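Notes to accompany the following structure.
Numbering (this note's numbering), first residue to last: 4 to 604.
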């Protein structure tokens, strides 16, 4: 499927949802008119009823107010649906922009950046124009964290997990309706890290009332006795003073617990909106029919003692909604005076926590995992020509037509690249801007995606499961009182320590020892690469230092020379960005400086 066809799909969906939106808006206008009509009818009937009572007027009054309430509730639901449709239009509009290489509308994950990470900073995994921003369609904070953690931690990747993820991505990519409705639900309320912290705080807070028989006796017996005396008073059997005394006693007891109940109510009430979103997301997950075992297993985990997660969370929402009625002072006094409402509500919350509290953290993690797969499915849907990598024990890395996802397809130059066995190091030379660093990032980014089970930008991609370490972009640190050169040495030391652990590690090194003079650089680089050979390192070293290329003669079973060439015709410089075997023959620094007017001919 071509990019134009994918774009057409999104455009048609916008047209479809726009029509639905217009219908809903028309319905809302008519409902507003009907609400007004029935409210006026209610007021007029009420006036006539006050002047002269009869059953027909009372029946009409009740009918009008019932219809009015029904219209109000229906209006609220239709408004929610309208906002959902608006979110769907926004989602498809964003995807059209993404196809046109506009990714700034998505979160860049800048806060995940870590200069000391083994590869994420060098490969531009986070920040503006990053891989994370390219992939990210998460609608929850927990989903965003899940995606980021998958990108920066591939150490637990194994054949089974990679294959299962590939199957899951393949299935979910085809479910465009399900994916977009999942996103639209999430867009209804953007959760913050504070929301999840508050939920955790409430869940980890120990229960106070529910395990004490005294409070159960109070919350059951007092309301029963109070209601009994209310009934006796209404039937003229008992004096009202008994009922009033009991009601005041309940209010007095409620006032003694007011500080604790207020704190509990404030804690759960703030998070009710995000819990409602989580409930809808879980319902959306539970109601879908998936084929892959991975998704089926996740759905099973949303059940506790045969109760589905969405039902359990809806119970919690109902308890919180009921508890919040106390915020109306009039209702609060009545409910606490008759039913010990505050204490009853807190005890219901504590009981819910005991039954389901341990499961809710797991349910939220499952939401995060589906949020992650939603991103992966969207990525594959937008790039149907990408392929799923094949795990192969015969070769370290074997690719054809390998390209970088973030380079426009019409400008992207793909390359074939192969590393046959462990202990093989490719030394890549080339002129400035010839494509060395971009190629290193192309290899790195696609390896990270392959280890996560994502499709990659290639026509062939076979690889062994490995770990990745880069040394491409080093910076000095005023805070740590650390020079550029010392920072680079620390990075190289980390690489050696990593290799000594014996795990298969793929290295991507760009111009090592940049922070010293050319003679010292050449000597130090040679010795460092010799050390890499001794430790059976595997990977790529990009350099301008042509003296390193002589190592192929001394270590023919470990070193291979490759290059990016540049064509210079008089003052014209042409780059083809194609990887070749051998050593580069042309350099362009002086010519570029001359063309920029830095010095004259």
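Every residue, glycine too, gets a C-beta built ideally from N, C-alpha and C. None of the values given here were measured: they were computed from a predicted structure.
| Check | Outcome |
| --- | --- |
| Just the Cα atoms here: how many angstroms apart are residue 588 and residue 287? | 60 Å |
| What is the rounded straight-line gap between the Cα of residue 65 and the Cα of residue 238? | 26 Å |
| Quick one: grab the DSSP three-state call for residue 131. | coil |
| Grouping DSSP H, G and I as helix and E and B as strand, with all else coil, what is residue 545? | strand |
| At 3 residues or longer, what runs of the beta strand (DSSP E) sit wholly inside the segment 389–462? | 400–405, 418–422 and 428–433 |
| Using the rule of at least 16 other Cβ atoms within 10 Å of the residue's Cβ for burial, across every protein chain shown, is residue 481 buried or exposed? | Residue confidence is low: residue 481 scores 42 on pLDDT, short of 50, so the model does not pin down where it sits. Its coordinate-derived value is still stated next. When all chains shown are included, residue 481 counts as exposed. |
| Indicate the three-state DSSP secondary structure (helix, strand or coil) for residue 339 in the structure shown. | helix |
| Does DSSP classify residue 516 as helix, strand or coil? | coil |
| Report, in whole angstroms, the separation of the C-beta atoms of residue 85 and residue 24, which I expect to be a contact under 8 Å. | 7 Å |
| Could you tell me the distance, in whole angstroms, from the CA atom of residue 583 to the CA atom of residue 119? | 32 Å |
| With DSSP collapsed to three states, give me the class of residue 482. | Reliability fails at residue 482, whose pLDDT of 46 lies under 50, so the model's placement of it is uncertain and the value that follows must be treated cautiously. Here residue 482 sits in coil by DSSP. |
| For the segment 273–306, list the alpha helix (DSSP H) runs that are entirely contained and at least 4 residues long, ordered along the chain. | 275–289 and 296–303 |
| Does the beta-carbon of residue 494 have 16 or more other beta-carbons within 10 angstroms, so that it is buried, or is it exposed? | buried |
| Runs of 4 residues minimum, wholly inside the segment 304–385: which ones carry the alpha helix (DSSP H) assignment? | 312–326, 332–342 and 344–385 |
| Under DSSP, the alpha helix (DSSP H) around residue 37 begins and ends at which residues? | 6–54 |
| Is the segment 173–185 touching the segment 299–314, taking contact as three or more C-beta pairs under 8 Å? | no |
| Run the CB neighbour count on residue 58, radius 10 Å, all protein chains shown included, and call it buried at 16 or more, exposed below. | exposed |
| Pull up the distance between the alpha-carbon of residue 70 and that of residue 81, whole angstroms please. | 16 Å |
| Using 8 Å as the Cβ pair cut-off and three pairs as the minimum, do the segment 375–393 and the segment 133–141 touch? | yes |
| When you compare only the Cα positions, how much space is there between residue 479 and residue 312? | Residue placement at residue 479 is poorly supported in this model, since its pLDDT is 46, which falls under 50; the coordinates are not used for a value here. |
| Hey, how far is the Cα of residue 397 from the Cα of residue 466? | 9 Å |
| Beta-carbon within less than 6 Å of residue 606's beta-carbon, same chain only, minus the 5 sequence neighbours each way: which residues are those? | No statement about residue 606 is possible, as the shown extent of the chain runs from 4 to 604 and does not include it. |
| Within a Cβ cutoff of 7 Å, which residues of the same chain sit near residue 246, ignoring the five residues on either side of it in sequence? | 229, 232, 233 and 236 |
| Helix or strand or just coil, what does DSSP make of residue 158? | coil |
| Quick check on residue 642: does DSSP put it in helix, strand or coil? | Any answer about residue 642 is impossible in this case: the structure gives the chain only from 4 up to 604. |
| Buried or exposed: residue 357, going by 16 or more other Cβ atoms within 10 Å of its Cβ? | exposed |
| Can the beta-carbon of residue 363 be found less than 9 Å from the beta-carbon of residue 249? | no |
| Kindly give me the distance between the Cβ atoms of residue 305 and residue 285, rounded to whole angstroms, as I take these residues to be in contact under 8 Å. | 6 Å |
| Quick check: residue 191 and residue 87, are their CB atoms within less than 9 Å of each other? | yes |
| What residues in its chain sit with their C-beta under 7 Å from that of residue 266, if we drop five residues either side in the sequence? | none |
| Report the rounded CA-to-CA distance for residue 199 versus residue 328, giving the unit in angstroms. | 24 Å |
| For residue 524, would you say it is in contact with chain C, using Cβ-to-Cβ distances shorter than 9 Å as the test? | This model lacks chain C altogether; it includes just one protein chain. |
| Where DSSP assigns a beta bridge to residue 552, which residues make up the other side? | Partner(s): none; residue 552 has no beta bridge. |
| Can you give me the C-alpha to C-alpha distance between residue 429 and residue 561, rounded to a whole angstrom? | 8 Å |
| Given a cut-off of 9 Å, decide if residue 464 and residue 405 are closer than it, judged by their beta-carbon atoms. | yes |
| In chain order, what residues of the same chain have a beta carbon less than 6 Å from the beta carbon of residue 126, not counting five sequence neighbours either side? | 444, 447 and 448 |
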